[in-house]
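>
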Amino acid sequence: MTRTAIVTGGAGGIGRAIAAELCARGLRVAVADLDAARAEEAAAAAGGAAAGFAIDVTDTAAVDACAAAVEERLGPVDVVVNNAGWDELRPFAETGEDFWRKVVEINYLGALRVTHRFLPGMVERGWGRVVSTSSDAARVGSSLESVYAGAKAGIVGFSKSLAREVATKGVTANVVCPGPTETPLLEGMVGTDERGAKVIAAMTRAVPMKRLRRPEDVAAAVAYFASEEAGFVTGQTLSVSGGLTMA
Numbered sequence: 039m040t041r042t043a044i045v046t047g048g049a050g051g052i053g054r055a056i057a058a059e060l061c062a063r064g065l066r067v068a069v070a071d072l073d074a075a076r077a078e079e080a081a082a083a084a085g086g087a088a089a090g091f092a093i094d095v096t097d098t099a100a101v102d103a104c105a106a107a108v109e110e111r112l113g114p115v116d117v118v119v120n121n122a123g124w125d126e127l128r129p130f131a132e133t134g135e136d137f138w139r140k141v142v143e144i145n146y147l148g149a150l151r152v153t154h155r156f157l158p159g160m161v162e163r164g165w166g167r168v169v170s171t172s173s174d175a176a177r178v179g180s181s182l183e184s185v186y187a188g189a190k191a192g193i194v195g196f197s198k199s200l201a202r203e204v205a206t207k208g209v210t211a212n213v214v215c216p217g218p219t220e221t222p223l224l225e226g227m228v229g230t231d232e233r234g235a236k237v238i239a240a241m242t243r244a245v246p247m248k249r250l251r252r253p254e255d256v257a258a259a260v261a262y263f264a265s266e267e268a269g270f271v272t273g274q275t276l277s278v279s280g281g282l283t284m285a
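Add 38 to the 1-based position in the sequence shown for the numbering used here, that's all there is to it.
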């Protein structure tokens, strides 16, 4: 049976890699992103049975509209990959409620909205996978990312609790925690100047394998959790960190 997956944040570095990996494994993939044009571009690059869709995970009506479009074009969704995310490096004391709301809306509540929309169908059909990207910041903390780390820690708690709720329904819920990954988002956070280069160099030195994660590293972990073979694996949190986080 051919499964259908939706990948939010699908036009970004990690999202693109996830979409391509799932396509390579024979899934139909809805590449969903705030930027519809980039979503369509990423879908074309992924090959296979992929299509691009617009989604705003902070807007329930937009999530519902995207879901309807995906189901009409690709069929019922069996795999939800909550990958949409956003952050800026800021000292907590210099942040305010508008920033808190934006971080929480995108990184936490967005995943809840998307999961809430597709979960009933998974339960009804007796098969489903919910895979969410959190962050190693949620597990060990990260300076200048207090709000983001808190939101991503919420993803871990949500996924574990959801895993218990649907454990007898054929649906699993798992989390992948990337550390700093070689993506445009990371460059945007730390900058591309000399200071940014020093930050990235320091991050690299801290990793036992002496390199940052690549999007493809994360995609492989997501694809495993989304697979038939992972049917007895649920409520788990997997760091893809080159040994930076060990637990």
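Built from N, CA and C at the ideal position, the CB exists for glycine as well. As the structure is a prediction and not an experimental result, all values here were calculated from the model.
Inspect the beta-carbon positions of A197 and V213 and report whether they are closer than 8 Å.
For the purposes of this step, residue 197 is taken as residue 159 along the sequence shown, with counting starting at 1. For the purposes of this step, residue 213 is taken as residue 175 along the sequence shown, with counting starting at 1. What sits at residue 197 in the sequence shown is Ser, not Ala. Yes. Within cutoff.
> Starting from D71 and walking both ways along the beta strand (DSSP E), at which residues does that stretch end?
The count along the sequence shown starts at 1 and reaches residue 71 at position 33. First-last of the beta strand (DSSP E) with D71: 66-71.
> If you measure between the beta carbons of N121 and G195, is that distance less than 8 Å?
Numbered from 1 along the sequence shown, position 83 holds the residue referred to as residue 121. Numbered from 1 along the sequence shown, position 157 holds the residue referred to as residue 195. No. Outside cutoff.
> Give the straight-line distance between the Cα atoms of G217 and E109, rounded to the nearest whole angstrom.
Counting from 1 along the sequence shown, the entry for residue 217 is found at position 179. Counting from 1 along the sequence shown, the entry for residue 109 is found at position 71. Looking at the two C-alpha atoms, the distance is approximately 33 Å.
> Under the rule that 16 or more other beta-carbon atoms within 10 Å means buried, what is T40, buried or exposed?
Residue mapping note: residue 40 aligns to position 2 of the sequence shown, counting from 1. T40 is exposed by the Cβ-count criterion.
> On the three-pair Cβ rule with 8 Å, is the segment 89-96 touching the segment 61-77?
The answer is yes - the segment 61-77 touches the segment 89-96, with three or more Cβ pairs under 8 Å.
> Kindly indicate which three-state DSSP category V245 falls into: helix, strand or coil?
In the sequence shown, the residue the question calls residue 245 occupies position 207. Note: V245 maps to coil in three-state DSSP.
> List the endpoints of the continuous alpha helix (DSSP H) containing S184.
Numbered from its first residue, the sequence shown carries residue 184 at position 146. Taken as a continuous stretch (DSSP letters only), the alpha helix (DSSP H) holding S184 covers 184-203.
> Using DSSP with H/G/I as helix, E/B as strand and the rest coil, what is P216?
Numbered from its first residue, the sequence shown carries residue 216 at position 178. Reduced to three states, the DSSP call for P216 is strand.
> Grab me the residues of P246's own chain with a C-beta within less than 8 Å of its C-beta, minus the 5 sequence neighbours each way, in chain order.
Taking the sequence shown and counting its residues from 1, the one referred to as residue 246 is at position 208. Hits under 8 Å: G280, G281, L282.
> Assuming A184 and F130 form a contact by the criterion Cβ under 8 Å, report the distance between their Cβ atoms to the nearest whole angstrom.
Within the sequence shown, residue 184 is the residue found at index 146, counting from 1. Within the sequence shown, residue 130 is the residue found at index 92, counting from 1. Inspection of the sequence shows that residue 184 is occupied by Ser rather than by Ala. About 4 Å; that satisfies the 8 Å criterion.
> By the DSSP assignment, the alpha helix (DSSP H) with A43 in it spans what residues?
Residue numbering aside, residue 43 sits at position 5 when the sequence shown is read from its first letter. First-last for A43: 42-46, but that is the beta strand (DSSP E), not the alpha helix (DSSP H).
> Pull up the distance between the alpha-carbon of Y186 and that of K140, whole angstroms please.
The residue given as residue 186 occupies position 148 in the sequence shown. The residue given as residue 140 occupies position 102 in the sequence shown. Looking at the two C-alpha atoms, the distance is approximately 10 Å.
> Once DSSP output is grouped into helix, strand and coil, what is the label at F263?
As a position in the sequence shown, residue 263 is number 225, starting the count at 1. Looking at F263 - three-state DSSP - the assignment turns out to be helix.
> Where does the unbroken alpha helix (DSSP H) through L60 begin, and where does it stop?
Start at 1 with the first residue of the sequence shown, and residue 60 comes out as number 22. From DSSP, the alpha helix (DSSP H) with L60 extends over 51-62.
> Report yes if the C-beta distance between V278 and A259 is below 8 Å; otherwise report no.
Here residue 278 corresponds to residue number 240 of the sequence shown, with the count starting at 1. Here residue 259 corresponds to residue number 221 of the sequence shown, with the count starting at 1. Against a cut-off of 8 Å, the Cβ pair of A259 and V278 comes out as a contact.
> Taking C-alpha atoms, which residue in D97, E162, R167 lies nearest to L65?
The residue you call residue 65 lines up with position 27 of the sequence shown. For the residues D97, E162, R167, the minimum Cα distance to L65 belongs to R167.
> Check for me: the alpha helix (DSSP H) holding L157 runs from which residue to which?
Numbered from its first residue, the sequence shown carries residue 157 at position 119. Note, L157: alpha helix (DSSP H), 148-163.
> In the DSSP output, what is L287 paired with across the bridge?
Outside the shown range of the chain, which is 39 to 285, sits residue 287, and nothing can be said about it.
> For L150, I'd like the list of residues in its chain whose CB is within less than 8 Å of its CB, leaving aside the five on either flank, ordered along the chain.
Translated into the one-based positions of the sequence shown, residue 150 becomes position 112. Result list for L150: F196, in chain order.
> When DSSP builds the beta bridges, which residues end up paired with V115?
Position 77 of the sequence shown, counted from the first residue, corresponds to residue 115. Bridge partners of V115: none, in fact.
> Quick check on F156: buried or exposed, where buried means 16 or more other Cβ atoms within 10 Å of its Cβ?
Against the sequence shown, residue 156 aligns to sequence position 118. By the 10 Å Cβ count, F156 comes out buried.
> What residues match up with N120 in a beta bridge as DSSP calls it?
Within the sequence shown, the letter at position 82 stands for residue 120. Answer is S170.
> Taking the alpha carbon of A205 as the point to measure from, which residue in V67, A285, F270, A103 has its own alpha carbon closest?
Position 167 of the sequence shown holds residue 205. Residue F270 is the option with its Cα nearest to A205.
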